[in-house]
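In my numbering, the protein residues as written are 2 to 789. Glycine included, C-beta positions come from ideal geometry on N, C-alpha and C. Below: the structure, in structure tokens.
Below, the structure is given as structure tokens:
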């Protein structure tokens, strides 16, 4: 059984992509009808993730991921297509219809056909409901109710956060859920039950329960606090084990309640426990979240950065609160190690009394919690002060040691103005003159830069000849050999935030292209092996999946004949003396960089001194070279296609649909136009919604063209008023026609000039005049549409 296509289209059209994505990413306006944020699929500091709500598509210009609302849910939650559609339909309250391969309508699949994720979510939802009911009705739960009261939480607070109680009996929850149709395997998979020698048992027994929800509000797990002294499990807190839903390194408690305030205020408060989150929210600090049974780490940072819109000039704040004890101090210093992962300013808030937010609210009230957050100190200041507390500043030796320890901290501050301010502050703390402190900080900064270069083998290629992309068999270098692979900046480094394209250009987050600087002179690193040789394979380009280009000679480029002691630095083409492909070699399909026959190995060699045969080229997904934005013809074609995909109802249907396949001169854009024509053109698109039209075009396009269609469908448009947009769309389509006509006129002129006296020059000249007249008419229409 499969979901009926009409239902899929309905789900696609009714699901608001900006709301679905907005649950995971903080989106902000970015031009007419466009939204932008940090990509949830890769780390970045400059937003390159674009969403077009009117079209129903997203695209990241950094990692090239894109698609509609269904593909986003698939990607973000690791679901199949059918599972993603079912999840969106559930949000819409829509009942899906299913059909078999013959188109006959069938019933919704039974339990065995329902995807596991939905079953596990439903089990967790019913378990949370059961726990909440038990907190209010079970006699054993009185100790849990008293626990909450003793910490200042009433019934309303417990209901807001869904706090519950797990009965002390060993199988109460298990029997309850089995009675509602869940199997033992499902309960074990959800982390609600365990499998013992005598059968299933409840994982949580006699404990206060906090439901843990993801950013969408789905209940994915639980945290449980020990209440009874005779509890056989001594751990104070017990969490759901790792399941298909619950990954503790990817979860923040309270994020479902805090996400909107986090995005609105560009602030997040990281506390240590469930009750601390409750206390902050109830005290008027609704951006508080906490980790669940693990330290705040890289995956948590990625979640926070997406939610606060962690980018330059965003004014974002990440505030860590810790207990005043030694463990809290240690946790704060651990958080400092991750400070550089944030673009936003990081702070530490520690109450003078050493109390956590829950105790502070209980003893001093809500205002005390707000004052705690307001008294935050910059993370760098906290780290420097921690160093000063460890040294004896009354002695010269102690001050010198303090300078040696603190200088690298100040040197790590990215903002130059702030760094200078801390240099003066450090000098005052140490009782030293400003100049020696600045000199120590400058030295530390130089050491940090040098250390980064020496240890950059994993990025820059390790030892010469072992670059990540040196030929077909270069292998990734490592930090241990980084000093050998270090080199000055060169062509492959590129601008910040840029992604290198197959043609050598750099795709920037805003969708523009930057041309590379002139190619520097390359230097051969090391000598090759003695026994190797070149085969007869065709030298080809291939994309390594990271937006960077390498070259391979099918059989021998790389280590063949050169060994591991020689090679080019990573990402550089081979030297000019690499033999070209044979003249009689047939051209390979531009969409299949990996095609072509394998060359025959030259003379055999040994690894190292004797060389080795290159490993087979990796099997890469074909990619299309993206045209340069600087190309004026490609720019016109791109803008016309953007209009055809995004606002087809405003595009003149006759002018657009009469454009021939040859009208688009750029190969990539011609392929997109071919898909538009195959889908029926503007005449077909006029009565269709944005997502349905773009999806239909993608259905008619080769797989390699689909990402380009998605990219064009989310590109920003220059106008928002319908009248202006209609003029713009008409002018772009007419300009494509004019460009094609100019090409035809050029060919006619060349033909007339080369005609022999005995040929029919009058007919050819008349054809040329007619083409010129047609072009003037087109130009008048373009000027009339308001185009420059």
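Exercise. Just the C-alpha distance for residue 256 and residue 292, rounded to the nearest angstrom, thanks.
Key: The count along the chain shown starts at 1 and reaches residue 256 at position 255. The count along the chain shown starts at 1 and reaches residue 292 at position 291. Approximately 10 Å, taken between the alpha carbons.
Self-check item: CA-to-CA distance, residue 45 to residue 1, given in whole angstroms
Solution: Residue 1 lies beyond the residue range present for the chain, which begins at 2 and ends at 789; the question has no answer from this structure.
Practice problem: Compare the C-alpha of residue 281 against each of 402, 153, 47 and 441 and name the closest. | Solution: The residue given as residue 281 occupies position 280 in the chain shown. Minimum Cα distance to residue 281 is reached at 153.
Quiz item: What's the C-alpha gap between residue 239 and residue 224?
Solution: Your numbering for residue 239 matches position 238 in the chain shown. Your numbering for residue 224 matches position 223 in the chain shown. If I take the Cα positions, the gap works out to 6 Å.
Practice problem: Could you spell out where the beta strand (DSSP E) holding residue 202 opens and where it closes? | Solution: By 1-based counting over the chain shown, the position of residue 202 is 201. Taken as a continuous stretch (DSSP letters only), the beta strand (DSSP E) holding residue 202 covers 200-203.
Quiz item: Quick check: the stretch 626-640 against the stretch 721-741, are there 3 or more CB pairs under 8 Å?
Solution: yes
Practice problem: Rounded to whole angstroms, what's the CA-CA distance from residue 244 to residue 426? Just pull it up for me. | Solution: Translated into the one-based positions of the chain shown, residue 244 becomes position 243. Translated into the one-based positions of the chain shown, residue 426 becomes position 425. Distance between the alpha carbons of residue 244 and residue 426: 49 Å.
Quiz prompt | Cβ shell of residue 284 (< 7 Å), same chain only, five flanking positions each side left out | solution = Locating residue 284 in the chain shown gives position 283, where the first residue counts as 1. Taken in chain order, the residues that qualify are 362, 367, 370 and 371.
Practice problem: With DSSP collapsed to three states, give me the class of residue 422. | Solution: Along the chain shown, read from residue 1 onward, the residue named residue 422 stands at position 421. Residue 422: helix per DSSP, three-state reduction.
Quiz prompt | Beta-carbon gap between residue 202 and residue 222 smaller than 9 Å | solution = Counting from 1 along the chain shown, the entry for residue 202 is found at position 201. Counting from 1 along the chain shown, the entry for residue 222 is found at position 221. For residue 202 and residue 222, no; Cβs fall outside 9 Å.
Quiz prompt | contact_flag[the stretch 31-45, the stretch 56-66] where n(CB pairs < 8 Å) is 3 or more | solution = yes
Practice problem: Verify the CB distance criterion: does residue 681 have a CB-CB separation below 9 Å to chain C? | Solution: Of the protein chains in the structure, only one exists, and it is not chain C.
Self-check item: Helix, strand or coil at residue 222 [DSSP, three-state]
Solution: Taking the chain shown and counting its residues from 1, the one referred to as residue 222 is at position 221. Correct three-state label for residue 222: strand.
Exercise. Please go through the same chain and pick out, in chain order, the residues whose beta-carbon is closer than 6 Å to the beta-carbon of residue 617, but skip the five residues on each side of it.
Key: The residue given as residue 617 occupies position 616 in the chain shown. Since pLDDT at residue 617 reaches only 41, below the 50 mark, its modelled position is unreliable, and the value read off the structure follows with that caveat. Result list for residue 617: empty, nothing under 6 Å.
Quiz item: Using 8 Å as the threshold, is the stretch 62-75 in touch with the stretch 717-727, meaning 3 or more CB pairs across them?
Solution: no
Exercise. Please name the residue or residues paired with residue 33 in a DSSP beta bridge.
Key: Here the question's residue 33 lines up with position 32 in the chain shown. According to DSSP, which records beta bridges pairwise, residue 33 is partnered with 718.
Practice problem: Taking only the alpha-carbon atoms, compute the straight-line gap between residue 133 and residue 180 and give it to the nearest angstrom. | Solution: Your numbering for residue 133 matches position 132 in the chain shown. Your numbering for residue 180 matches position 179 in the chain shown. The straight-line gap from Cα to Cα measures roughly 18 Å.
Exercise. Using a threshold of 9 Å, state whether the C-beta atoms of residue 125 and residue 220 are closer than that.
Key: Along the chain shown, one-based indexing puts residue 125 at 124. Along the chain shown, one-based indexing puts residue 220 at 219. The answer is yes: Cβ separation under 9 Å.
Quiz item: Straight-line CA distance for residue 142 to residue 288?
Solution: Taking the first residue of the chain shown as 1, we reach residue 142 at position 141. Taking the first residue of the chain shown as 1, we reach residue 288 at position 287. About 30 Å.
Quiz item: What residues are listed by DSSP as bridge partners for residue 670?
Solution: As a working mapping, residue 670 is identified with position 669 in the chain shown. The partner list for residue 670 (beta bridge, DSSP) is empty, contrary to what the question assumes.
Quiz item: If you drop the 5 nearest sequence neighbours on each side, which residues of the same chain put their C-beta closer than 6 Å to that of residue 7?
Solution: Taking the chain shown and counting its residues from 1, the one referred to as residue 7 is at position 6. Once the five neighbours on either side are set aside, residue 7 has no close Cβ partner at all.
Quiz prompt | Nearest candidate by alpha-carbon position, reference residue 121, set 709, 184 and 274 | solution = Counting from 1 along the chain shown, the entry for residue 121 is found at position 120. Taking only the C-alpha atoms, the option nearest residue 121 is 184.
Quiz item: Below 9 Å between beta carbons: does that hold for residue 177 and residue 131?
Solution: Sequence index remark: in the chain shown, residue 177 carries index 176 (1-based). Sequence index remark: in the chain shown, residue 131 carries index 130 (1-based). The answer is yes: Cβ separation under 9 Å.
Quiz item: In angstroms, rounded to a whole number, what distance separates the CA positions of residue 41 and residue 77?
Solution: Counting from 1 along the chain shown, the entry for residue 41 is found at position 40. Counting from 1 along the chain shown, the entry for residue 77 is found at position 76. Distance between the alpha carbons of residue 41 and residue 77: 8 Å.
Quiz item: Just curious, the alpha helix (DSSP H) that residue 727 is in, first and last residue?
Solution: Position 726 of the chain shown, counted from the start, is the residue given in the question as residue 727. Where residue 727 is concerned, the enclosing alpha helix (DSSP H) stretches over 723-754.
Quiz item: Given that a residue counts as buried once 16 or more other Cβ atoms are within 10 Å of its Cβ, and exposed if not, what is residue 450?
Solution: One-based indexing of the chain shown puts residue 450 at position 449. Counting Cβ neighbours within 10 Å, residue 450 comes out exposed, since fewer than 16 surround it.
Exercise. For residue 16, I'd like the list of residues in its chain whose CB is within less than 6 Å of its CB, leaving aside the five on either flank, ordered along the chain.
Key: For the purposes of this step, residue 16 is identified with residue 15 of the chain shown, where counting begins at 1. If we look at residue 16 and ignore the five residues flanking it on each side, its Cβ neighbours are 70 and 89.
Practice problem: Label residue 761 either buried or exposed according to how many other C-beta atoms from any shown protein chain fall within 10 Å of its C-beta, with 16 as the threshold for buried. | Solution: Indexing the chain shown from 1 puts residue 761 at position 760. Counting Cβ neighbours within 10 Å, residue 761 comes out exposed, since fewer than 16 surround it.
Quiz item: My guess is that residue 683 and residue 657 are in contact by the Cβ rule of under 8 Å, so how many angstroms apart are they, rounded?
Solution: As a working mapping, residue 683 is identified with position 682 in the chain shown. As a working mapping, residue 657 is identified with position 656 in the chain shown. Indeed they touch by this definition, with Cβ atoms about 5 Å apart.
Self-check item: Helix, strand or coil at residue 60 according to DSSP, with G and I counted as helix
Solution: Start at 1 with the first residue of the chain shown, and residue 60 comes out as number 59. Of the three classes helix, strand and coil, the one that applies to residue 60 here is strand, per DSSP.
Exercise. Specify, as a first and last residue, the run of the beta strand (DSSP E) that residue 761 falls within.
Key: Counted from its first residue, the chain shown places residue 761 at position 760. Counting along the chain, residue 761 falls outside any beta strand (DSSP E), and DSSP gives it neither H nor E.
Practice problem: Under 6 Å Cβ to Cβ from residue 50, same chain only, skipping five residues before and after it: list those, please. | Solution: On the chain shown, position 49 is the one that residue 50 refers to. Same-chain partners within the cutoff: 38, 40 and 61.
Quiz item: DSSP three-state call for residue 589: helix, strand or coil?
Solution: In the chain shown, residue 589 corresponds to position 588, counting from 1. Annotation note: pLDDT 37 at residue 589 (below 50); position unreliable, coordinate value reported separately. It is coil, neither helix nor strand.
Quiz item: Cα-Cα, which of 393, 382, 701 and 207 is closest to residue 413?
Solution: Mapped onto the chain shown, residue 413 falls at position 412. Out of 393, 382, 701 and 207, 382 has the C-alpha closest to the C-alpha of residue 413.
Practice problem: Look at residue 162 and residue 258 and say whether their C-beta atoms are less than 9 Å apart. | Solution: The residue given as residue 162 occupies position 161 in the chain shown. The residue given as residue 258 occupies position 257 in the chain shown. Against a cut-off of 9 Å, the Cβ pair of residue 258 and residue 162 comes out as a contact.
Self-check item: Under the three-state DSSP convention, the category residue 1 falls into
Solution: As displayed, the chain neither begins before 2 nor continues past 789, which places residue 1 out of reach and without an answer.
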